[in-house]
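Undergrad:
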Amino acid sequence: MMKVMIVRDYDEMSRRAAEIVKEQILKKPDTVLGLATGSTPLGMYKYLIEMHKNGEIDFSNVITFNLDEYIGLSPDHPQSYHYYMYENLFNHINIKKENIHIPNGVAEDLEEECKRYEREIRRIGRIDLQILGIGVNGHIGFNEPDESIETKTHIVTLTEETINANKRFFKSIEEVPRRAITMGLSSIMKARKIMLLASGSNKAKAIKETLKGRLTTKVPSTVLALHPDVTIIIDKGAASLLTDEELANVELTD
Ligand code: GLP
Numbered sequence: 005m006m007k008v009m010i011v012r013d014y015d016e017m018s019r020r021a022a023e024i025v026k027e028q029i030l031k032k033p034d035t036v037l038g039l040a041t042g043s044t045p046l047g048m049y050k051y052l053i054e055m056h057k058n059g060e061i062d063f064s065n066v067i068t069f070n071l072d073e074y075i076g077l078s079p080d081h082p083q084s085y086h087y088y089m090y091e092n093l094f095n096h097i098n099i100k101k102e103n104i105h106i107p108n109g110v111a112e113d114l115e116e117e118c119k120r121y122e123r124e125i126r127r128i129g130r131i132d133l134q135i136l137g138i139g140v141n142g143h144i145g146f147n148e149p150d151e152s153i154e155t156k157t158h159i160v161t162l163t164e165e166t167i168n169a170n171k172r173f174f175k176s177i178e179e180v181p182r183r184a185i186t187m188g189l190s191s192i193m194k195a196r197k198i199m200l201l202a203s204g205s206n207k208a209k210a211i212k213e214t215l216k217g218r219l220t221t222k223v224p225s226t227v228l229a230l231h232p233d234v235t236i237i238i239d240k241g242a243a244s245l246l247t248d249e250e251l252a253n254v255e256l257t258d
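Numbering (the working numbering) for the sequence shown: 5 to 258.
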């Protein structure tokens, strides 16, 4: 059963999430972390940096795999997920560059890049702790709602909803990339532990669908109900549409 933690606000969500990451690294210093981008995990990354600076976390043996990257944005593009990760986490902790993995959105052969990324994940084994945000349409990574979804690392065409949601980071909607490379649901579901974060009432509908107990590729996050160890940390806003029906499907924890 999925565990759900309903917390006061964004800051508490971020702090609780960082504590879980810290515990994981203390338990297993060579933890393989699956990392997400977007605005949701920013607060968690701030706490992790602070914990590292206080000597509470050593990242020297940690390995990371990012979920996704926009196609066409080079690593030095301020809106690329490469740039985001260095700016908001990697530049401030003692992680080794060779332990960082992010799909290359400007690879000459994008199909080959997907295969390479998939091989890299397999070479390491499996992800110990996968951190996820959620799109307003229930996407995880960039696994967008569709009739069917490829399970391995693949190229996706972003939906209008996602392009609209992400345009706030770009000068104009035309600049938002239309395609991305995303880790597949298979690697996400193979992770030993998954932690999904959501904050704000614009995520309430996606969270309600996720907890409904009805699997559909039209809401990719619904697949999480099949995983044995998922913790969902949401604030009051993201929890605002939950009724007894959804809450009966989960284990509330604090
Ligand atoms: C983005 C990312 C996802 C992220 C989601 C939500 O497009 N590809 O990994 O979880 O959409 O983003 P945000 O946290 O900014 O709401």
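All C-beta atoms in this analysis are idealised placements derived from N, C-alpha and C, irrespective of residue type, glycine included.
Under the DSSP definition of a beta bridge, which residues are partnered with Gln134?
TA: Counted from its first residue, the sequence shown places residue 134 at position 130. DSSP, once it has assigned bridges, lists Gly38 and Ile198 as partnering Gln134.
Undergrad: Would you say the beta carbon of Phe146 is closer than 6 angstroms to some non-hydrogen atom of ligand 1?
TA: Against the sequence shown, residue 146 aligns to sequence position 142. True, at least one ligand heavy atom lies under 6 angstroms from that Cβ.
Undergrad: Do you know how far the Cα of Ala111 is from the Cα of Thr220?
TA: Within the sequence shown, numbered from 1, the residue matching residue 220 stands at position 216. Within the sequence shown, numbered from 1, the residue matching residue 111 stands at position 107. The C-alpha of Thr220 lies about 32 angstroms from the C-alpha of Ala111.
Undergrad: Between Val254 and the rest of its own chain, which residues show a CB-CB distance below 8 angstroms, the 5 nearest in sequence each way excluded?
TA: Walking along the sequence shown from the start, residue 254 turns up at place 250. Answer for Val254: Met5, Met6, Lys7, Val8, Leu215 and Ile236, listed in chain order.
Undergrad: Short of 6 angstroms in beta carbon distance, which residues of its chain neighbour Asn108, apart from the five on each side in sequence? Order them along the chain.
TA: By 1-based counting over the sequence shown, the position of residue 108 is 104. The residues are Glu117.
Undergrad: CA-CA distance, Ser323 and Ile138?
TA: In the structure as shown, the chain begins at 5 and stops at 258. Residue 323 is therefore absent and cannot be evaluated.
Undergrad: I need the DSSP call for Gly60, collapsed to helix, strand or coil.
TA: Indexing the sequence shown from 1 puts residue 60 at position 56. In the sequence as presented, Gly is not what sits at residue 60; that position holds Glu. Coil at Glu60, not helix or strand.
Undergrad: CB of Asp15 to nearest heavy atom of ligand 1: below 6 angstroms?
TA: As a first step, residue 15 must be located in the sequence shown, where it is residue number 11. The answer is no for Asp15.
Undergrad: Assuming the contact rule is C-beta atoms closer than 8 angstroms, Tyr85 and Glu73 should be a hit. Round their C-beta distance to whole Å, please.
TA: Residue 85 sits at position 81 when you count from the first residue of the sequence shown. Residue 73 sits at position 69 when you count from the first residue of the sequence shown. Confirmed, Cβ separation roughly 5 angstroms.
Undergrad: Run through the DSSP bridge pairs and tell me what Met55 is partnered with.
TA: On the sequence shown, residue 55 is found 51 positions in, with the first residue counted as 1. Note: Met55 is not bridge-paired with any residue in the DSSP secondary-structure output.
Undergrad: Using 8 angstroms as the cut-off, can you tell me whether the segment 88–100 makes contact with the segment 188–199, which would need three or more C-beta pairs spanning the two stretches below that distance?
TA: no
Undergrad: For Ile192 and Ala202, which I take to be in contact (beta-carbon distance under 8 angstroms), what is that distance rounded to the nearest angstrom?
TA: Position 188 of the sequence shown, counting from 1, holds the residue named residue 192. Position 198 of the sequence shown, counting from 1, holds the residue named residue 202. That pair is no contact at about 16 angstroms.
Undergrad: Below 8 angstroms on the Cβ atoms is my contact criterion, and I expect Ile144 with Pro224 to pass it. Report the Cβ-Cβ distance as a whole number of Å.
TA: Position 140 of the sequence shown holds residue 144. Position 220 of the sequence shown holds residue 224. Rounded, the Cβ-Cβ distance is 5 angstroms, consistent with contact.
Undergrad: What does DSSP give as the partner residues of Asp239 in its beta bridges?
TA: The residue labelled residue 239 in the question sits at position 235 within the sequence shown. Note: Asp239 sits in a beta bridge opposite Val11.
Undergrad: What residue ranges within the segment 67–151 form continuous beta strand (DSSP E) runs of no fewer than 3 residues, ordered along the chain?
TA: If we require 3 residues or more, the beta strand (DSSP E) runs fully inside the segment 67–151 come out as 67–70, 72–74 and 133–136.
Undergrad: Our contact map puts Lys32 next to Asp132 with C-beta atoms below 8 angstroms; I'd like the distance itself, whole angstroms only.
TA: For this step, residue 32 is matched to residue 28 along the sequence shown. For this step, residue 132 is matched to residue 128 along the sequence shown. The pair is a contact, with the Cβ atoms about 6 angstroms apart (cut-off 8 angstroms).
Undergrad: Can you grab the Cα-Cα spacing for the pair Asn170 / Val180, in whole Å?
TA: For this step, residue 170 is matched to residue 166 along the sequence shown. For this step, residue 180 is matched to residue 176 along the sequence shown. The C-alpha of Val180 is placed about 7 angstroms away from the C-alpha of Asn170.
Undergrad: Which residue comes first and which comes last in the beta strand (DSSP E) that contains Ile185?
TA: Residue 185 sits at position 181 when you count from the first residue of the sequence shown. Taken as a continuous stretch (DSSP letters only), the beta strand (DSSP E) holding Ile185 covers Arg183 to Thr186.
Undergrad: Could you say which of Glu151, Gly142 and Gly188 lies nearest to Ala242 if we only look at CA atoms?
TA: As a working note, residue 242 is residue 238 in the sequence shown. Among Glu151, Gly142 and Gly188, the Cα nearest to that of Ala242 is on Gly142.
Undergrad: How many whole angstroms separate the CB atoms of Ala22 and Met55, which I take to be in contact at a CB cut-off of 8 angstroms?
TA: As a working note, residue 22 is residue 18 in the sequence shown. As a working note, residue 55 is residue 51 in the sequence shown. That belief holds up - the Cβ atoms of Ala22 and Met55 are roughly 6 angstroms apart, short of 8 angstroms.
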